[in-house]
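Asker: Going down the list, the protein sequences come from chains A and B.
Residue numbers for the first sequence follow the working numbering, beginning at 1478 and rising by one.
Residue numbers for the second sequence follow the working numbering, beginning at 2 and rising by one.
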Amino acid sequence: MELTYTEKQQAFRAEVRQWLKENLPAEPLASYDTKAGFEQHREWERKLFDARLSMVMWPTELGGRGCDLIEWLIFEEEYYGAGAPMRVNQNGQLLLGPTLMEFGTQAQKEKFLPRMAASDDMWAQAWSEPNAGSDMAAISSKAIRDGDEYVINGQKTWSTRAIFADWCFGLFRTDAESSRHHGLSYLMVPLDAPGVTIRPIKALNGKQAFAEIFFDNVRVPVENRIGDDGQGWKVAMATAGFERGLLLRSPARFQQTARKLVQLYLANRRAADADPAIATKVAQAWSDAQAYALSAYYTVGRLSRGEKIGAESSINKIFWSELDLNMHQIAMDILGAQGELTDCASTSWLEGFLFAQAGPIYAGANEIQRNIVAERMLGLPKG
Amino acid sequence: MDFTFTEDELAFREAISRFLMTEAAPETLREIWETDSGRSPELRSKIAEQGLTALSVPEEAGGLGLGDVAWSLMTQELGYYGIPDSMADSAYVATGLLSALPAGEKRDAWLEQVAAGELRIAVGHGCNSLVADAQSADLLLLHHTNHNGDIELHAIERALVDVTPHSSIDSSRRLARISWQPTDDSLVVSGDDAEVLLAETLNRGALSVAGQLLGLAQRMLDLSVDYVAQRKQFGRAIGSFQAVKHHLADVAAKIEFARPVLYRAAWALQKQTPDAELYVSQAKLACIDAAALAARHGIQVHGAMGYTWEVDLQMFMKRSWALIPSWGDRSFHQARVNDNLFSRVAADNQSAGPESTFGRQI
């Protein structure tokens, strides 16, 4: 055990810090849940890509710089620590990217990954359906083979930022007679294809944060399938763990929120201390954010020893989503009557508070995650 | 950056675990704990034969020369198997203190005896009003403030200490109030050096208990998992019900996120980094929370059986409750975290951000 960084790691940290200092937008970008904000974020992503900082862990030939997991954690620490913009293409970069890396053909990798790293293509996920939420194996959207193409019919929903995105990816039933986990295939679909209709869904913040996608005889070539026909569930699950675990929500983001929470508390200490418990709540939340980061480093260590992680990623998902909610709840308690205002400096806390409500629901509801932990980590019988 | 244990450390842990599994089964412990002394010299010497008492004794005194990092694995095993206080207190906490003293005839002799499993040391510290295992100790490490206001650390033979036992709800505990007279002969170190040593000893004691609490949490979780997998109601194992599953998943999560916090603290204490105190308190709190939840949810999923003397859960639950306030209670460690955090953020914003998981960087 050696919990200090090497000179090379420190140099990388310094480089990232310096670059961010010189290149961070002077003004915060508009919300990426608006068209204008979405395009601003795309521009920012291109800038990151040009500096080969958009996907630092990817190999150089795919637009990355071949960093290891520790360097990736360092990048994230500097990135979120500097208050840099949220990653608008994360569904592509962090969910689809690793899947393509593991299961994609060479041609697919070359075609999609560099454009994804540069955010030339923006990706939306298309997993959920009106009747397939927590029970994702109930997917009924069909993609029926016709020559060298699949013909897609059906509906997807809760597709984040789909009205602005260029492509979507998800599971479709390619064997019409199949049920549950069988007969599903993992497909990538251009959102400008004939027969695609996207209808925005207003989220509780009033923005078009997600959308429904309707497929009406949408044709995609067979080479848009990742993995074998009918193996979609396996492909999706193989990477789901890792994403949920490490990539999707890196610790730095929550540590940054925790630091801001401490600052918010200190700036409002006199009033906040009217409730003597608040100081401890703040310190506990800050410690929890550190615990999440330490767990990430420890997981990296386990991976480096050749261990596999599985259900631990479900534990992570429970932890970060409840931590995020808790931190924003404490902030709202500190803000008091100011918390509801949508037009002042504290509004970013309100926005975070609203978004945090979704954390325990999306990417697999926390109840499902607890079942997974109980069944796969603890070995309890299925219900 | 290498957040892993060495193969040797892991293998040693595995060996100790396998050994204690057979030698320290709950039925054996119950018998030992019912005796007056509450200790088994036989079990103790067997554990010493495994090398545990030599773990952190310096190599020149016949030990293995390992430190807090290795102990963060071992204390979990001691907790998991409910090994009473004297083992961790002598072999880890007291040995850490003695090892930090300058080499000398007495100190070297004590360390050699510890390594051989022949010396039991009880440690008195201001943060604990009672001393654990004072009665059966051979030597006590104690401190007091002299008439000049200086802190003095003394090593005093058991025969020279008056011991008034107190009983604890944790049947393994042998607590006592002590009274003693410092002598010139018993003085080990005084002044700033003594103060530094005592502060470090408090951190080591807290870390020792934190590791044991984490081991206890894991034991209570394992017992609970076993129980709910075999107990049937409504024609099925109660472990198949979501309400029960979620209770235990929450315990697993607490343990999972406490573990690396414990390890960071152990590393910082071993390296004596400026953040060691903060990290130790964070570790103690995280492990307290894991053990407390494992006890609460453990007894809940055991149903009425959890409230009985018969089921082993009670041994580990009560030991957890006893250890939680030991070596600095929850309030003590929470206050240390709060003070440290708020003063550091006021002074240096960056020291509390994502860049500083392992202390201030560049």
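C-beta: ideal position from N, C-alpha, C; glycine also.
Small disclaimer: the values here were computed from a predicted structure and weren't measured.
1. Assuming residue 1566(A) contacts residue 1600(A) (C-beta within less than 8 Å), just tell me the rounded distance between them.
2. Give every residue of the same chain whose Cβ lies closer than 8 Å to the Cβ of residue 233(B), excluding the five residues on either side of it in the sequence, and list them in chain order.
3. Does any residue of chain D have a CB that is nearer than 8 Å to the CB of residue 355(B)?
4. Can you tell me the Cβ-Cβ gap for residue 42(B) and residue 100(B), rounded? I've got them flagged as a contact below 8 Å.
5. Can you tell me the Cβ-Cβ gap for residue 1771(A) and residue 1546(A), rounded? I've got them flagged as a contact below 8 Å.
6. State the DSSP-derived secondary structure class of residue 66(B), mapped to helix, strand or coil.
7. For the stretch 1588-1597 of chain A and the stretch 1510-1527 of chain A, state whether three or more C-beta atom pairs, one from each stretch, are separated by less than 8 Å.
8. Just to confirm my understanding: we take residue 1752(A), look at its own chain, exclude 5 residues before and 5 after, and list those with CB closer than 8 Å. What are they?
9. For the stretch 152-228 of chain B, which segments carrying the beta strand (DSSP E) assignment without a break, of at least 3 residues, lie completely within its bounds, in sequence order?
10. Could you run through the stretch 1514-1531 of chain A and flag, in chain order, every residue whose CB is less than 7 Å away from some CB of chain B?
11. Please list the partners that residue 1827(A) has in chain B, where partner means a Cβ-to-Cβ separation under 7 Å.
12. Are residue 185(B) and residue 133(B) touching if we call contact CB-CB under 8 Å?
13. Tell me whether residue 1506(A) sits in a helix, a strand or coil according to DSSP, three-state version.
14. Helix, strand or coil for residue 252(B)? Go by DSSP, reduced to three states.
15. DSSP has residue 145(B) in a bridge; who is on the other side?
16. With H, G and I counted as helix, E and B as strand and the rest as coil, what does DSSP make of residue 93(B)?
17. Find the nearest neighbour of residue 342(B) within the set 310(B), 276(B) and 356(B), judged by alpha-carbon distance.
18. Just how far apart, CA to CA, sit residue 1508(A) and residue 1517(A)?
19. Are the beta-carbon atoms of residue 1661(A) and residue 1639(A) separated by less than 8 Å?
20. How do the stretch 1812-1832 of chain A and the stretch 17-33 of chain B stand: do at least 3 beta-carbon pairs fall below 8 Å, yes or no?
21. So for residue 1624(A), helix, strand or coil by DSSP?
22. Which residues share a DSSP beta bridge with residue 1661(A)?
23. Verify whether the separation of the beta carbon atoms of residue 321(B) and residue 129(B) is less than 8 Å.
24. Under 8 Å, Cβ to Cβ, is there at least one residue of chain B near residue 1842(A)?
25. With 8 Å as the limit, tell me which residues of the stretch 1548-1559 of chain A have their beta carbon closer than that to any beta carbon of chain B; keep them in chain order.
26. Given a threshold of 16 other Cβ atoms within 10 Å of its Cβ, counted over all protein chains shown, does residue 1557(A) qualify as buried or as exposed?
27. For residue 208(B), tell me which candidate among 220(B), 350(B) and 262(B) has the shortest Cα-Cα distance.
28. To the nearest angstrom, report how far apart residue 1841(A) and residue 1734(A) are at their CA atoms.
29. Helix or strand or just coil, what does DSSP make of residue 1600(A)?
30. Just to confirm the assignment, what range does the beta strand (DSSP E) spanning residue 1547(A) have?
31. Keeping to the same chain, check which residues put their C-beta closer than 6 Å to that of residue 359(B); ignore five residues upstream and five downstream.
32. Buried or exposed: residue 1728(A), going by 16 or more other Cβ atoms within 10 Å of its Cβ?
33. For residue 1742(A), tell me which candidate among 1807(A), 1766(A) and 1560(A) has the shortest Cα-Cα distance.
34. For the stretch 1778-1798 of chain A, list every residue whose C-beta sits within 8 Å of some C-beta in chain B, in sequence order.
35. Based on the DSSP output, what are the partners of residue 132(B) in its beta bridges?
36. Can you find the residues in the same chain that come closer than 7 Å, C-beta to C-beta, to residue 1720(A), ignoring five residues on each side of it along the sequence?
Answerer: Reading from the atomic positions:
1. Walking along the first sequence from the start, residue 1566(A) turns up at place 89. Walking along the first sequence from the start, residue 1600(A) turns up at place 123. Between the beta-carbon of residue 1566(A) and that of residue 1600(A) there is about 6 Å, and that keeps the pair under the 8 Å contact cut.
2. Looking up residue 233(B) in the second sequence gives position 232. If you ignore the 5 residues before and after residue 233(B), its C-beta comes within less than 8 Å of the C-beta of 239, all in its own chain and listed in chain order.
3. Although the question refers to chain D, the structure presented lacks it and instead comprises the protein chains A and B.
4. Residue 42(B) sits at position 41 when you count from the first residue of the second sequence. Residue 100(B) sits at position 99 when you count from the first residue of the second sequence. Taking the Cβ atoms as the reference, residue 42(B) lies roughly 25 Å from residue 100(B), outside the contact range of under 8 Å.
5. Here residue 1771(A) refers to the residue found at position 294 of the first sequence. Here residue 1546(A) refers to the residue found at position 69 of the first sequence. About 14 Å separates the two Cβ atoms, so there is no contact after all.
6. Here residue 66(B) corresponds to residue number 65 of the second sequence, with the count starting at 1. In the three-state scheme derived from DSSP, where H, G and I count as helix and E and B as strand, residue 66(B) is classed as coil.
7. Yes, the stretch 1588-1597 of chain A touches the stretch 1510-1527 of chain A.
8. Taking the first residue of the first sequence as 1, we reach residue 1752(A) at position 275. Closer than 8 Å at the Cβ level, and outside the excluded window around residue 1752(A), lie 1810.
9. For the stretch 152-228 of chain B, the full-length beta strand (DSSP E) segments reaching 3 residues or more read 152-158, 163-167, 176-180 and 188-191 along the chain.
10. Those residues of the stretch 1514-1531 of chain A that come within reach of chain B (Cβ to Cβ, closer than 7 Å) do not exist; the list is empty.
11. Looking up residue 1827(A) in the first sequence gives position 350. The contacting residues do not exist; residue 1827(A) stays about 22 Å from chain B at best.
12. For this step, residue 185(B) is matched to residue 184 along the second sequence. For this step, residue 133(B) is matched to residue 132 along the second sequence. In this structure, residue 185(B) lies away from residue 133(B), with their beta-carbon atoms at least 8 Å apart.
13. Indexing the first sequence from 1 puts residue 1506(A) at position 29. DSSP places residue 1506(A) in coil when its eight states are reduced to three.
14. On the second sequence, residue 252(B) is found 251 positions in, with the first residue counted as 1. Residue 252(B) falls in the helix class under three-state DSSP.
15. In the second sequence, counting from the first residue as 1, residue 145(B) sits at position 144. Answer is 153(B), bridged to residue 145(B).
16. On the second sequence, residue 93(B) is found 92 positions in, with the first residue counted as 1. DSSP places residue 93(B) in helix when its eight states are reduced to three.
17. Against the second sequence, residue 342(B) aligns to sequence position 341. Closest in C-alpha terms to residue 342(B), from the list 310(B), 276(B) and 356(B), comes 276(B).
18. Taking the first sequence and counting its residues from 1, one reaches residue 1508(A) at position 31. Taking the first sequence and counting its residues from 1, one reaches residue 1517(A) at position 40. Near 9 Å, if we compare the C-alpha coordinates of residue 1517(A) and residue 1508(A).
19. Indexing the first sequence from 1 puts residue 1661(A) at position 184. Indexing the first sequence from 1 puts residue 1639(A) at position 162. For residue 1661(A) and residue 1639(A), no; Cβs fall outside 8 Å.
20. Taking a cut-off of 8 Å for Cβ pairs, the stretch 1812-1832 of chain A and the stretch 17-33 of chain B do not touch, as fewer than three such pairs fall below it.
21. Here residue 1624(A) refers to the residue found at position 147 when the first sequence is read from its first residue. Three-state DSSP puts residue 1624(A) in coil, outside helix and strand.
22. Residue mapping note: residue 1661(A) aligns to position 184 of the first sequence, counting from 1. As a beta-bridge residue in DSSP terms, residue 1661(A) pairs with 1650(A) and 1708(A).
23. The count along the second sequence starts at 1 and reaches residue 321(B) at position 320. The count along the second sequence starts at 1 and reaches residue 129(B) at position 128. The answer is no: Cβ separation not under 8 Å.
24. Translated into positions along the first sequence, residue 1842(A) becomes position 365. Chain B has no Cβ within less than 8 Å of the Cβ of residue 1842(A).
25. Here the close residues are 1553, 1554, 1555, 1557 and 1558.
26. On the first sequence, position 80 is the one that residue 1557(A) refers to. Looking at its Cβ environment, which holds 16 or more other Cβ atoms inside 10 Å, residue 1557(A) is buried.
27. Position 207 of the second sequence, counted from the start, is the residue given in the question as residue 208(B). When the alpha-carbon of residue 208(B) is set against those of 220(B), 350(B) and 262(B), the nearest one is in 262(B).
28. For the purposes of this step, residue 1841(A) is identified with residue 364 of the first sequence, where counting begins at 1. For the purposes of this step, residue 1734(A) is identified with residue 257 of the first sequence, where counting begins at 1. Each residue's alpha carbon lies about 23 Å from the other.
29. As a first step, residue 1600(A) must be located in the first sequence, where it is residue number 123. The DSSP-derived three-state label of residue 1600(A) is strand.
30. For the purposes of this step, residue 1547(A) is identified with residue 70 of the first sequence, where counting begins at 1. Where residue 1547(A) is concerned, there is no enclosing beta strand (DSSP E), although the alpha helix (DSSP H) it sits in stretches over 1546-1558.
31. Counting from 1 along the second sequence, the entry for residue 359(B) is found at position 358. If the five residues before and after residue 359(B) are omitted, its C-beta is found closer than 6 Å to no C-beta atom of its own chain.
32. Here residue 1728(A) refers to the residue found at position 251 of the first sequence. Note on residue 1728(A): 16 or more other CB atoms within 10 angstroms of its CB, so buried under the neighbour-count rule.
33. Translated into positions along the first sequence, residue 1742(A) becomes position 265. Nearest C-alpha to residue 1742(A): 1807(A).
34. Contacts with chain B (Cβ-Cβ distance below 8 Å) from the stretch 1778-1798 of chain A involve 1778, 1779, 1781, 1782, 1789, 1792, 1795 and 1796, listed in chain order.
35. On the second sequence, residue 132(B) is found 131 positions in, with the first residue counted as 1. For residue 132(B), which the question treats as bridged, DSSP gives the partners 177(B).
36. Along the first sequence, one-based indexing puts residue 1720(A) at 243. Confidence at residue 1720(A) is low in this model, with a pLDDT of 47, below 50, so the placement of that residue is unreliable and no value is reported for it.
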